Amino acid sequence: MRGFRDHDHVETVDGLVFTVVGNVHPPGRVLAYLKYRRLNGGYKRVLERYSMEDLEATLRLLSETAPQHLYRDERLGLEFSAPLTSTIKRHLKPEERLDWIISRGGDRLERMAGELASKLSGMSGVELECFGVTGSILLGIHHQLFSDLDLTVYGRDASLRVMEALKEHASKCGGDFGRFSLEDLRAIYSERGLGSDLSFKDYATVYRRLWNRGLYKGVFYSVHPVKLEVEVDESYGDRVYRRLGEAKIEATVAEAEDSIFYPGVYRVEDVQVVEGLKVEGLQEIVSFEGLYCGIASPGERLEAEGIVEKVEAKGRGWLRLVVGSRGIPGYIRPV
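Right, here's the structure in full:
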């Protein structure tokens with residue numbers, strides 16, 4: 003059965019539109035961040051920038067105007083936006099929206115989204131049914147000049163095939179696919195990166211490693227891998243997390259397939275603590291910041307800063323370094 007997946011959108015009965023985060027949700031709720039609200043017959047964007055500061059602002063807004071959409075996880079001592087499923091009047095699914103576009107056409111930007119998905123399908127051999135379109139096009143409130151082409155691809159195997167195809171072919175497809183200029187990167191850093199712990203130089207280095215973002219016929223595009231329900235190996239509450247302290251580490255990537263999903267998980271080895279909490283046996287770097295998902299391959303050496311957590315699940319425990327926590331964003335960069 004299809005549940006609430008990463009990058010779906012949901013609209014509540016009180017006219018709030020949330021973007022779903024991840025595939026694992028508390029019972030009766032959906033973890034999601036507030037992005038739009040219905041106003042005067044249309045939609046007004048609430049989350050102006052993809053930054054921790056702006057995310058915190060949406061939580062304050064909900065606390066003041068719609069606290070029923072907030073959920074406090076007592077295990078973590080943190081509060082998230084997570085609307086009740088009973089308050090959801092529309093569940094917008096990217097694959098259904100793309101199917102509508104493919105079958106009926108649409109405006110220029112919608113047709114470009116369908117064209118991009120079809121091209122990626124042909125390049126990778128992944129069936130078109132495995133793709134979807136998210137972002138403002140999913141909601142049907144996109145702007146012809148300013149909106150992006152945001153796609154989803156469903157399933158581990160399909161996602162890995164699309165990744166390899168883009169890495170191999172994106173720079174060779176004539177004038178269709180393009181790379182970001184220095185000016186583009188400065189604009190992206192100004193919009194999204196100023197709240198990070200990276201300088202512009204390091205931010206640009208990391209951003210250029212992102213296989214799933216680029217330009218298609220001059221329009222910004224992104225491709226977001228999403229796991230299928232059968233590929234998710236946990237339910238909400240299965241794992242207990244305990245924060246131990248901050249640390250900066252260097253580590254070698256041992257396995258990176260799960261790093262392309264959200265959250266991105268790198269299995270690591272040869273870990274050296276550079277600063278902060280001295281721990282041994284750290285096994286993972288986990289990123290809740292999309293910038294650091296899928297940027298490194300096995301054998302590469304990374305520097306990362308974040309929160310060390312002890313994870314306990316099904317009778318076993320391990321340590322991980324979490325990047326992208328509220329209040330302590332941290333970073334990952336190649337050494």
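Going left to right, the sequence shown walks through residues 3 to 337 as the working numbering numbers them.
Here a beta-carbon is modelled for each residue, glycine too, at the ideal position from N, C-alpha and C.
Small disclaimer: the values here were computed from a predicted structure and weren't measured.
Residues bridged to residue i [DSSP beta-bridge criterion]
i	result
R244	K312
P336	L304
W320	V313
Y156	V228
V164	In the DSSP output, where bridge partners are listed per residue, V164 has none listed.
L86	R31
S327	I330
G292	According to DSSP, G292 bridges with nothing at all.
Y268	I287
G278	A249
R180	Looking at the sequence shown, residue 180 is not Arg but Gly. L217, per the DSSP bridge assignment.
L118	In the DSSP output, where bridge partners are listed per residue, L118 has none listed.
H93	V12
E257	R269
When the options are compared against residue i, the one with the closest alpha-carbon
i	options	result
V22	H9, G30 and D16	H9
L36	R62, H27, N42 and V26	R62
T103	L94, A115 and H93	A small correction: the amino acid at residue 103 is Ile; Thr does not occupy that position in the sequence shown. Of L94, A115 and H93, the residue nearest in Cα terms is A115.
E76	G239, A315 and D56	G239
N214	Q285, G142, A298 and M3	A298
F179	R99, R211 and K219	K219
L187	D204, H171 and D199	D204
L168	D199, L212, D235 and H93	L212
Y45	E66, D16, T67 and V276	D16
N25	R7, A160, Y38 and L284	R7
L147	L111, V281 and V276	L111
E257	E233, Y223, C295 and V281	C295
I90	G30, R74 and A119	G30
R74	H27, R39 and K95	H27
L279	T67, R39, V225 and I309	I309
H171	G142, S123 and R303	S123
G326	Y52, N42 and R47	Y52
S261	I190, Y223, L162 and E185	L162
V149	L41, D109 and L284	The question names Val, but residue 149 is Ser in the sequence shown. Residue D109 is the option with its Cα nearest to S149.
D199	K95, L293 and K121	L293
R158	G283, T14, F263 and E291	F263
F20	Y243, E58 and L49	L49
G142	W320, E117 and K95	K95
V208	L217, E117, V255 and L304	L304
P265	R322, T254 and L217	R322
CB-CB length for residue i against residue j, believed under 8 Å
i	j	result
A335	M54	For the record, residue 335 in the displayed sequence is Arg; it is not Ala. Rounded, the Cβ-Cβ distance is 18 Å, inconsistent with contact.
V324	V288	5 Å
V12	P85	7 Å
A315	G332	In fact, because the Cβ distance is near 23 Å, the residues do not count as touching under 8 Å.
V391	E286	Outside the shown range of the chain, which is 3 to 337, sits residue 391, and nothing can be said about it.
R99	L140	5 Å
V164	V221	Wrong, their Cβ atoms sit about 18 Å apart, outside the cutoff.
E97	Y156	7 Å
V313	R210	No, V313 and R210 are not in contact; Cβ-Cβ is about 32 Å, not under 8 Å.
heavy atom of the ligand SAM below 7 Å from residue i C-beta
i	result
E97	In the structure shown, the ligand SAM is absent, as is every other ligand, since no ligand is present at all.
Below-8 Å beta-carbon distance, residue i vs any chain C residue
i	result
A84	This model lacks chain C altogether; it includes just one protein chain.
Problem - Start-end ranges of the beta strand (DSSP E) lying completely within the stretch 187-248, minimum 3 residues - result: Qualifying beta strand (DSSP E) stretches, in chain order: 215-218 and 221-228.
Handout entry: Entirely enclosed beta strand (DSSP E) segments - the stretch 11-80, minimum 3 residues
Key = Those beta strand (DSSP E) runs which fall completely within the stretch 11-80 and span 3+ residues are 11-14, 18-22, 34-41, 44-47 and 72-75.
Practice task
Count the C-beta pairs between the stretch 222-232 and the stretch 240-249 that are closer than 8 Å, then say yes if the count reaches three, no if not.
Solution key: The way I'd put it, the stretch 222-232 doesn't touch the stretch 240-249; fewer than three beta-carbon pairs between them come closer than 8 Å.
Problem - Contact between the stretch 129-138 and the stretch 190-205 (3+ Cβ pairs under 8 Å) - result: At 8 Å Cβ cutoff, the stretches do not touch.
Handout entry: Complete runs of the alpha helix (DSSP H) confined to the stretch 127-155 [at least 4 residues]
Key = Annotation note: the stretch 127-155 contains the following uninterrupted alpha helix (DSSP H) runs of length 4 or greater, listed N- to C-terminal: 137-141.
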